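A short worksheet on the structure shown next.
Number of protein chains: 2
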Amino acid sequence: MPTRELGFEEFKGLVCLSLEDMSRELYKGNRSSIKIKKEQVAVKNLMKIIQAALTLSNKKGFAAMSLRDLSREAGLSMGALYTYFTSKEDLLHMIQRQSAVVFRVLLEQIEGVDDPVQRLRRAIRTHLFLSEILQNWFYFTYMEAKNLAKEEQKKAIEGELATERIFVDIIRDGTARGVFRECDSELMAALIKAMLQDWYLKRWKYRKRKTDVESYAAFVADMVQAYMAVQGDTREGGALT
Amino acid sequence: MPTRELGFEEFKGLVCLSLEDMSRELYKGNRSSIKIKKEQVAVKNLMKIIQAALTLSNKKGFAAMSLRDLSREAGLSMGALYTYFTSKEDLLHMIQRQSAVVFRVLLEQIEGVDDPVQRLRRAIRTHLFLSEILQNWFYFTYMEAKNLAKEEQKKAIEGELATERIFVDIIRDGTARGVFRECDSELMAALIKAMLQDWYLKRWKYRKRKTDVESYAAFVADMVQAYMAVQGDTREGGALT
DNA sequence: GTCTATACATAGATAGAC
DNA sequence: GTCTATCTATGTATAGAC
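Here the protein sequences come in this chain order: A and B. According to the numbering used here, the first sequence is numbered sequentially starting from 95. According to the numbering used here, the second sequence is numbered sequentially starting from 95.
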């Protein structure tokens, strides 16, 4: 569907990923465990709870965040909190599960882009844009994955690999069509992912340096492109070997 | 001093970074807070404590690890534990501070390597080798940095930036000498660091794929080199722009 | 030096008033 | 739907026997 290259602000305006959007989705997906019936009320409070949970957890870790801390930060009593989740672990899982929307948007955005180079570039930009909008969600998901129950942890790993798989497929397609050089596509994809993740893991650093997401995206894309380009092959020759 | 390029096993044999070495250093650096007088005894138990602390923390997080857990895993009583540190936070800080040896070794290893390309390659390899040997220390330091007190946290950030600075300097030197293209050296260094960190943050993934540290180092170095090379400039031209 | 037993604080979770 | 008050388990930390 999306053919034209979008700037970050345009992208942000189109996708529905505000705290309210995310909270509403979360509410709809957890009607059974949330005791509040009125959507208006529920969403309003879920926004406060999630915002508070992400802020506190990302500052000192989910395990170190007590529900009393959360209660204070969200402006709700302990009792009220427990009408929105059944246990602290439940809250963790709700937030974590919601992060899955990312994969859907990523696929949507590269759909219909045929040229491997453009497709790769689009995937990189989209991933960075998403993590820019949902920075605290991404950070939380990454850092708190180890706290999940075994079953949910397995899903998180599958999610990580599925995203990586998107990049692997693009690279292999490009190589098959002669646009990219031959290379270890899994390793290449892993390194791209590492660079994409650094954007939200070290947000403080890039913020201090006033690096914006567009520049970062361009740099990563250029770097990958420089390596993947078939002409001017620097893999074997040169001072490196 | 080191002129010849070392393989990983050679490197591992030369540096003194076994659990025992690290524990002994830690003991010497914390004589004041550790109540045990006999070095033999202290080091033996510190090894058990640190090994247990790293294992448990890296599995479920330092905050979620209770000292009862630690006591069981290390095979020492609660009382005994407290003769090796004054508080749980103290233990965290001792482990975290010990990770600083890395910076020293990194500097030692690139010292005397003049050619920017070789110097960059050496720095990349050394960082990866170090994180391979001290995988659990690196992982711990990265994931638990947020639990540090404000003062120690500041030091951790300075450490991160100091390592990055080494790469910045190599890149700028290379550019000045006409070996590397002009580029945003801080951003380049940040991305290199991101790729280096992925090696110990996602060790499970690379282990499963049977990627060894030498291959990983070569890939990262080649990729950086492909972008930094002055000839065959692909930054502006090509399908990307 | 190391252990067992215990003090004391704080955690997660719930009951029942409003 | 939300609050306050409270239960119980578990946490960190220490005292004192061996």
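Yeah, the Cβ is synthetic: ideal placement off N, Cα and C, and Gly gets one too. Remember, predicted model here, so these are calculated numbers, not experimental data.
query = Do you know offhand how far B:Lys249's Cα is from A:Ser126's?
reply = What you label residue 249 of chain B is simply residue 155 of the second sequence in a count that begins at 1. What you label residue 126 of chain A is simply residue 32 of the first sequence in a count that begins at 1. Using only the alpha carbons, I get a separation of about 46 Å.
ask   = If the cut is a Cβ gap below 9 Å, which residues of chain A does B:Thr257 touch?
value = Within the second sequence, the letter at position 163 stands for residue 257 of chain B. Result: empty, since nearest Cβ-Cβ is about 12 Å, beyond 9 Å.
inquiry  = Along the segment 235-250 of chain A, where does the CB come closer than 8 Å to a CB of chain B? Name the residues.
reply    = Met237, Lys240, Asn241
query = Any Cβ of chain A within less than 8 Å of the Cβ of B:Met317?
reply = Against the second sequence, residue 317 of chain B aligns to sequence position 223. Taking Cβ atoms only, chain A reaches closer than 8 Å to B:Met317, which makes this a yes.
query = In chain A, which residues lie with their C-beta within 8 Å of the C-beta of B:Thr305?
reply = Here the question's residue 305 of chain B lines up with position 211 in the second sequence. Here the neighbours are Leu281.
query = Using a C-beta to C-beta distance shorter than 8 Å, which residues of chain B count as neighbours of A:Tyr321?
reply = Taking the first residue of the first sequence as position 1, residue 321 of chain A is located at position 227. The answer, in chain order, is Asp316, Met317, Ala320, Tyr321.
query = Closest to B:Glu246 by CA distance: which of B:Leu140, B:Ile227, B:Ile189, B:Pro210 is it?
reply = To locate residue 246 of chain B, count along the second sequence from 1; it is residue 152. Cα-wise, what sits closest to B:Glu246 is B:Ile189.
Contact set between the segment 105-132 of chain A and chain B, restricted to residues whose Cβ is under 9 Å from the partner = none
message = So A:Leu57 contacts chain B; which residues on that side make the cut at Cβ distance below 7 Å?
response = Outside the displayed span of chain A (95 to 335) sits residue 57 of chain A, for which this structure offers no information.
inquiry  = Checking 8 Å against the spacing of the C-beta atoms, do B:Val199 and B:Val109 come in under that value?
reply    = Taking the first residue of the second sequence as 1, we reach residue 199 of chain B at position 105. Taking the first residue of the second sequence as 1, we reach residue 109 of chain B at position 15. For B:Val199 and B:Val109, yes; Cβs fall inside 8 Å.
key: Proximal residues to A:Thr328 (C-beta, below 7 Å), its chain only, five neighbours per side dropped   = Here residue 328 of chain A refers to the residue found at position 234 of the first sequence. Because A:Thr328 sits at a pLDDT of 44, beneath the cut-off of 50, its placement in the model cannot be relied upon, and the point is left open.
inquiry  = Does the contact criterion of 3 or more C-beta pairs under 8 Å hold for the segment 283-296 of chain A versus the segment 287-295 of chain B?
reply    = yes
key: Rounded distance between the beta-carbons of A:Ala283 and A:Glu308, thought under 8 Å   = On the first sequence, position 214 is the one that residue 308 of chain A refers to. On the first sequence, position 189 is the one that residue 283 of chain A refers to. Actually they do not touch by this definition, with Cβ atoms about 22 Å apart.
message = Quick check on DSSP: helix, strand or coil for B:Leu214?
response = Here residue 214 of chain B is taken as the residue at index 120 of the second sequence, counted from 1. Reduced to three states, the DSSP call for B:Leu214 is helix.
ask   = CA-CA distance, A:Val273 and B:Ile204?
value = Within the first sequence, residue 273 of chain A is the residue found at index 179, counting from 1. Within the second sequence, residue 204 of chain B is the residue found at index 110, counting from 1. Between A:Val273 and B:Ile204, the C-alpha separation is close to 37 Å.
ask   = At which residue ranges does the segment 270-299 of chain A contain complete alpha helix (DSSP H) runs of 4 or more residues, listed in the order of the chain?
value = 279-295
key: Beta bridge counterpart(s) of A:Ala323 as assigned by DSSP   = The sequence position of residue 323 of chain A within the first sequence is 229, counting from 1. BP columns for A:Ala323 point to A:Phe274.
query = Between B:Asn241 and B:Val324, what straight-line distance do the alpha-carbon atoms span, to the nearest angstrom?
reply = As a first step, residue 241 of chain B is located in the second sequence; it is residue number 147 there, counting from the start. As a first step, residue 324 of chain B is located in the second sequence; it is residue number 230 there, counting from the start. Roughly 43 Å separates the two Cα atoms.
inquiry  = Let's test the definition: count the other Cβ atoms within 10 Å of the Cβ of B:Gly331 and tell me whether it reaches 16, buried, or not, exposed.
reply    = Counted from its first residue, the second sequence places residue 331 of chain B at position 237. The predicted model places B:Gly331 with a pLDDT of 34, which falls under 50 and marks its position as unreliable; any figure quoted below should be read in that light. By the neighbour-count rule (16 or more Cβ atoms within 10 Å), B:Gly331 is not buried but exposed.
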